[in-house]
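The block underneath contains the structure these notes are about, expressed in structure tokens.
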Amino acid sequence: VILVLDGEKVLDRESREMLVRFGEFVCAHWREPDQGIWETREEKQHFTHTLALCWTALDRLIKMRERGLLPKLPEESFRKNRDLIAKEIRDKGWNNELGSYTRTLGGTELDASLLQLSWYGFEKETTERMQSTCAALRRRLPDARRAGRIGFAQAGDAIAVAGEFHPSLAAGELHKLCGEPLPDSLP
Numbered sequence: 007v008i009l010v011l012d013g014e015k016v017l018d019r020e021s022r023e024m025l026v027r028f029g030e031f032v033c034a035h036w037r038e039p040d041q042g043i044w045e046t047r048e049e050k051q052h053f054t055h056t057l058a059l060c061w062t063a064l065d066r067l068i069k070m071r072e073r074g075l076l077p078k079l080p081e082e083s084f085r086k087n088r089d090l091i092a093k094e095i096r097d098k099g100w101n102n103e104l105g106s107y108t109r110t111l112g113g114t115e116l117d118a119s120l121l122q123l124s125w126y127g128f129e130k131e132t133t134e135r136m137q138s139t140c141a142a143l144r145r146r147l148p149d150a151r152r153a154g155r156i157g158f159a160q161a162g163d164a165i166a167v168a169g170e171f172h173p174s175l176a177a178g179e180l181h182k183l184c185g186e187p188l189p190d191s192l193p
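Reminder that position 183 of the sequence shown reads as 189 in this note's numbering, one-by-one numbering, no gaps.
This is the structure we're talking about:
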């Protein structure tokens, strides 16, 4: 999709139809709780990061439609659902007491993956909410390099933010947002 948006690749008819079907699936199912592939295996829940990815999918499809790449995309429906998802994240994925976005809607656990909201284009890293989320993560983590995908109440499983492959990537996101120096090494 990135290559198509950058003009380096062209979508064939089958790919265009598949992308529209993906968006239709998101519109039909984003309200359902899940056990996302990046989450710990437990009861289905409404994960804030899952909704952020649903928002991102619809946002990118709408951008492709605006550039004439997906002429049959039902833009009004996709916009309506994207905006509803954004409202859900802002209303229920934010915890005023913690001053942070949380792992689940209405939850109290922090989740470093939500630092990616700015990377997805959902919210600028300079907003009060993103800066507050960053500060909350800093307060709750003894070592920023341990910022993991799972809630910090379940510390020990340090699953990295970016693709679960490299724990220091979480620290890199934290540093980029907060601009504070990070520890040079793990204890």
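Ideal placement from N, C-alpha and C gives every residue a C-beta, glycine not left out.
| query | Expressed to the nearest angstrom, what Euclidean distance is found between the alpha-carbon atoms of Trp100 and Leu111? | reply | Going from the Cα of Trp100 to the Cα of Leu111 covers about 8 Å.
| field | Runs of alpha helix (DSSP H) wholly within the region 71-139 (minimum 4 residues, chain order) | value | Runs found: 81-98 and 123-126.
| To which residues of the same chain is Asp89 closer than 7 Å at the C-beta, ignoring the five residues directly before and after it? | Excluding sequence neighbours, Asp89 sits near nothing in its chain.
| query | Which partner residues of Gln51 appear in the DSSP bridge assignment? | reply | Bridge partners of Gln51: Asp40.
| said: If distances are taken between C-alpha atoms only, which option among Val16, Thr54, Leu116 and Leu64 comes closest to Leu143? | reply: Taking Leu143 as reference, the option from Val16, Thr54, Leu116 and Leu64 with the minimal CA-CA separation is Leu116.
| So what does DSSP say about Val16, is it helix, strand or coil? | Coil, per DSSP.
| request: Please determine, among Asp18, Arg71 and His55, the residue with the shortest C-alpha to C-alpha distance to Gly29. | output: Residue Arg71 is the option with its Cα nearest to Gly29.
| From Gly105 to Arg19, what does the alpha carbon distance come to, in whole angstroms? | Distance between the alpha carbons of Gly105 and Arg19: 45 Å.
| field | C-alpha gap between Phe84 and Gly113, whole angstroms | value | Rounded to the nearest angstrom, the two C-alpha atoms are 27 Å apart.
| task | Could you tell me the distance, in whole angstroms, from the CA atom of Val32 to the CA atom of Lys69? | result | Rounded to the nearest angstrom, the gap between the Cα atoms of Val32 and Lys69 is 16 Å.
| Whole-angstrom distance between Leu79 and Leu59, CA atom to CA atom | Going from the Cα of Leu59 to the Cα of Leu79 covers about 19 Å.
| So which of Asp12, Thr139, Leu120 and Asn102 has the shortest CA-CA distance to Gly74? | Of the candidates Asp12, Thr139, Leu120 and Asn102, the one whose C-alpha sits nearest the C-alpha of Gly74 is Asp12.
| message | Can you give me the C-alpha to C-alpha distance between Trp61 and His35, rounded to a whole angstrom? | response | Computed Cα separation, rounded: 12 Å.
| task | Alpha carbon to alpha carbon, how far is Met136 from Arg146? Give it in angstroms, no decimals. | result | In this structure, the CA atom of Arg146 is about 15 Å from the CA atom of Met136.
| said: For Ala92 and Leu17, what's the separation of their Cα atoms in angstroms? | reply: Whole-angstrom Cα-Cα distance: 28 Å.
| For Leu76, the nearest candidate out of Arg27, Glu14 and Thr133 (CA to CA) | Nearest Cα to Leu76 within the set Arg27, Glu14 and Thr133: Arg27.
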